[in-house]
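J.: Got a structure for you, questions after.
Numbering (my numbering), first residue to last: 242 to 1255.
And the structure:
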């Protein structure tokens, strides 16, 4: 019987302020408000959320509490169904933060302090016929708050389901079902223990009956198992009233994340008269978890952990998640190739484990313990030892039957001490079938001798550190990163480097990305503009600002671009090129338990992103862990020089699955085919008409260059192109100029781990990169013998507060070659002084006039990608808008970049197009926000889109890395000092008549024109 819904509610400043009579049924609550349960009162108009990472939200030493301690009183009236008359009635509180006291009809029921595990109380002795009054008091801060310091919002209230259930006086108190495998993994072992409770004096003659049904619904046993209940008359012989079974099941269907085969176990209690008085069912899965020789084995096979850490979070409800929210998370995880989740940093709602069992996710189940602010103290404090033990015991007792749970975690960032030893000892004694996980024993030392953790599970170790550990062959434990690839803002750089190490080195078995979802809370400003709030936005002091914004999803569960990177890296198959010219490939099935017959493979040949041929692969019935050769019988396609030919393979679900529709893309692979291009095609219409000659007018200050429909103005004293018009309409509002700045990412500006590389933003600001002064040195405009006009300018930028020396200077030589007919070559030489190491970018920027909104490009996409995060973005021709290039991070920052670009086109309606390309791949971004706009804004509602389009073109932009909490951008993805060249061509075109891709191919095949590029 659900008690969810409206409860009467009143909030007080302190427990001492509550009225003495509030538990009584006749207490007058008519002036109180209604509050929805489940819910956090801090998200329902009372009090406020409070975010900290390590520091406590209030001063003091454990177990001291602040004088102001918000206290909520909940009251609910209910009547029991008539059918429950004479039964034992229990109330279940799914979760209350931080401490819960409960009363029924004025009688105290008890209290509970673990805010992430349920509290149950027997109501039977205190029930009335007719109306009953249930009262709960929730106190926000308690001594337990010191061990719930979990880098997340501190909330308050009844945030999980509240319901009643009824049993007979004799009832099934607990079912422990171990569905194990023998040493050959071919036979199942059902080890079943059923404990019976008696609300009255225990009676002999009760029996337990057990039935097991296969995943297809058929009975496993010809007749039900049955056993007499052993009575606990002699405590030396029996630990309780129980019945035990041990049965062998031949050739069971095995549970794994790939094949989540679930059996249904039905247990019934039979009274002495032979009647069933209660039946309960639970789903179990036959599987075996073990660790041998540096490998975590599931059913005898080493599995790669493709995991993520997950907090309970909703953008408006805080920690009060619905079942639909949980299902949405599980479906997204499956669709993006995750196979594991760590319940960071507390046990989740029981329904979440049911979903993981059903859909197939490995779970590291974590106890609700994090004492981060007093990390080295509380784990040794005997006053907290019972709480450590209680939290571990209750978690294991609740979740023991879930096949998805493959490891127990002792908590997070709580140091290491005897309190952990006590918890680990109990868990091993009760459940020897699962390994124990705990990062805290490592103390940042991967080589530390094992004490309680069966896996080496560091957080934020670098690729180099884990690689060196793997090569050392130290110990027999596998290494699984409990946290890595910290996803704060525009992040996820270097993820492919981690996965290359996971795939290459034995002993490395993946890890859990930090973390699943940005923990922003939706608010609206005074103009009703929405934004996501973070620490400090509610007046919560002290706070840790936006360090809770570090998810792979936005707060509304929209995937960030890094999700596509992970999906590609974690895909369940690989394709190896044997002979690309002929289409000889080898497909590897990287799954552990399933063949690939559930997927359909489709191949496609494209030139500059335009599809030329398409076909279907033969049936993919490749067994797990094996590979098969295929031949596509390709023949060379005609294409032009500077054009690229790609073979792209897409692997999609053949039929709808429980977690995806038919046709869902699970994996893809792409190869550039090294065919030789054909001869240049004749450009229609150009052979019979000479290009318009160039006219040049200039004086000491300005120059004007015109050819046909093109007109360029040059400001010679500034050394810049001040205007570019086509057909009399402005195209460029600001000509190309040096750019070495980007709106800082969170990783550029944050350092959570002391002793790691300092974030680069402080140095960038010290150098003045955010407001770089470009000093013109010289500028010349000259007509050339071939009829072109060349504009050559030299500008220098001196870093702020540095000596006037070349070491701290950026020199930019820009050379325009305007050809008859209006095609332009733009060569850039940018020399970075040796003292200006690790700049944010090296390139140029310009602004278009208003209205250039349509965008097309040939390069990586369609989503945002960066130098160190582009594996998940295939090459292709993409069409979008400038508006759509902006990716909405909670804190505005650098976004929208595209790498390996061959060309891009910006169009103003159907009137004017600007096409830009190069002979070498470049990076670009187009936005209605400048870098300064993004840098100045702390929330998305502070941004105002500009009508012009800001375009960035780079040799490279610094990789995004994960430096806010973990390794900084790897050196190979940083900007080196010295000379950089960026050679581009530009032309205007009529979008109604000309396809930009075809025009780019023609220009690229014009050897004479392209020869002007450097």
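Note that beta-carbon positions come from the ideal geometry of N, C-alpha and C, so glycine has one too.
The model shown is predicted, which means the values in this text are computed figures rather than measured ones.
Give me, in chain order, the residues of the same chain whose beta-carbon lies closer than 6 Å to that of residue 306; leave out the 5 immediate sequence neighbours on both sides.
T.: 382
J.: Can you tell me which of the three DSSP states residue 416 falls into?
T.: strand
J.: Using the rule of at least 16 other Cβ atoms within 10 Å of the residue's Cβ for burial, across every protein chain shown, is residue 349 buried or exposed?
T.: exposed
J.: Have a look at residue 347 and residue 787 and give me their C-alpha separation to the nearest angstrom.
T.: 44 Å
J.: Span of the alpha helix (DSSP H) holding residue 1177?
T.: That run of the alpha helix (DSSP H) goes 1172 to 1177.
J.: Note down the Cα distance separating residue 262 from residue 270, rounded to an integer number of angstroms.
T.: Rounded to whole angstroms, the separation of the alpha carbons of residue 270 and residue 262 is 11 Å.
J.: Identify the residues that DSSP records as bridge partners of residue 1087: which are they?
T.: Residue 1087 is bridged to 1192.
J.: Taking 8 Å as the cut-off, does the segment 1203 to 1216 touch the segment 1175 to 1185 (at least 3 CB pairs, one atom from each stretch)?
T.: no
J.: If you run the structure through DSSP and keep just helix, strand and coil, what is residue 805?
T.: In the structure shown, the three-state DSSP call for residue 805 is helix.
J.: Does residue 629 pass the burial test, meaning 16 or more other C-beta atoms within 10 Å, or should it be called exposed?
T.: buried
J.: When you compare only the Cα positions, how much space is there between residue 838 and residue 526?
T.: One C-alpha to the other measures close to 23 Å.
J.: Decide if residue 656 is buried, meaning its Cβ has at least 16 other Cβ atoms within 10 Å, or exposed.
T.: buried
J.: Helix, strand or coil, according to DSSP, for residue 242 in the structure here?
T.: coil
J.: Return the first residue and the last residue of the beta strand (DSSP E) that residue 620 is part of.
T.: Residue 620: not part of any beta strand (DSSP E); DSSP gives it neither H nor E.
J.: Cα separation between residue 435 and residue 417?
T.: 6 Å
J.: Going along the chain, which residues of its own chain have a beta-carbon closer than 6 Å to the beta-carbon of residue 342, five neighbours each way excluded?
T.: 352, 378
J.: Tell me whether residue 929 is buried or exposed, calling it buried when 16 or more other Cβ atoms sit within 10 Å of its Cβ.
T.: Residue placement at residue 929 is flagged as unreliable, the pLDDT there being 47, under the threshold of 50; the coordinate-derived value follows with that caveat. It is exposed - the Cβ of residue 929 has fewer than 16 other Cβ atoms within 10 Å.
J.: If you pair each beta-carbon of the segment 383 to 393 with each one of the segment 288 to 296, do three or more pairs fall below 8 Å?
T.: yes
J.: Sorted by chain position, which residues of the same chain lie with C-beta nearer than 8 Å to residue 679's C-beta, five sequence neighbours on each side aside?
T.: 650, 651, 652, 657, 661, 665, 693, 694, 698
J.: Residue 310 and residue 256 look like a contact to me (Cβ under 8 Å); what is the Cβ gap, rounded to whole Å?
T.: 6 Å
J.: Taking Cβ positions, are residue 578 and residue 396 nearer each other than 7 Å?
T.: no
J.: Could you round the C-beta distance between residue 1246 and residue 883 to whole angstroms and report it? I think they count as a contact, below 8 Å.
T.: Contact flag correct, Cβ pair sits at about 6 Å.
J.: Decide yes or no for the touch test of the segment 333 to 341 against the segment 353 to 362: beta carbon pairs closer than 8 Å, at least 3 of them.
T.: yes
J.: So, at 6 Å on beta carbons, what are the nonlocal neighbours of residue 291 in its own chain, with the 5 sequence-adjacent residues on each side left out?
T.: Spatial neighbours of residue 291 in its own chain (CB-CB distance under 6 Å, excluding positions within 5 residues in sequence) are listed in chain order as 298, 395, 781.
J.: Would the beta-carbon of residue 498 fall within 7 Å of that of residue 603?
T.: yes
J.: Looking only at its chain, what residues have a beta carbon closer than 7 Å to the beta carbon of residue 748, apart from the 5 residues adjacent to it on each side?
T.: 535, 711, 719, 720
J.: Leaving out five residues on either side along the sequence, give the residues of the same chain with a beta carbon under 7 Å from the beta carbon of residue 1240.
T.: 1156, 1230
J.: Mapping the DSSP letters down to three states, classify residue 1097 as helix, strand or coil.
T.: When DSSP states are grouped into helix, strand and coil, residue 1097 belongs to the strand group.
J.: For residue 509, report the span of its beta strand (DSSP E) as first-last.
T.: 504 to 511
J.: Rounded to a whole number of angstroms, what is the C-alpha to C-alpha distance between residue 459 and residue 877?
T.: 55 Å
J.: Mapping DSSP to helix, strand and coil, what is residue 596?
T.: helix
J.: Buried or exposed, going by whether 16 or more other CB atoms sit within 10 Å of the CB of residue 879?
T.: Exposed.
J.: Given that a residue counts as buried once 16 or more other Cβ atoms are within 10 Å of its Cβ, and exposed if not, what is residue 373?
T.: buried
J.: Which runs of the beta strand (DSSP E), 3 residues or longer, sit entirely within the segment 699 to 756?
T.: The beta strand (DSSP E) runs of length 3 or more contained entirely in the segment 699 to 756 are, from start to end of the chain, 720 to 725, 749 to 754.
J.: Hey, residue 555 and residue 570: beta-carbon distance below 7 Å or not?
T.: no
J.: In the DSSP assignment, find the unbroken alpha helix (DSSP H) run with residue 669 in it and report its ends.
T.: 659 to 671
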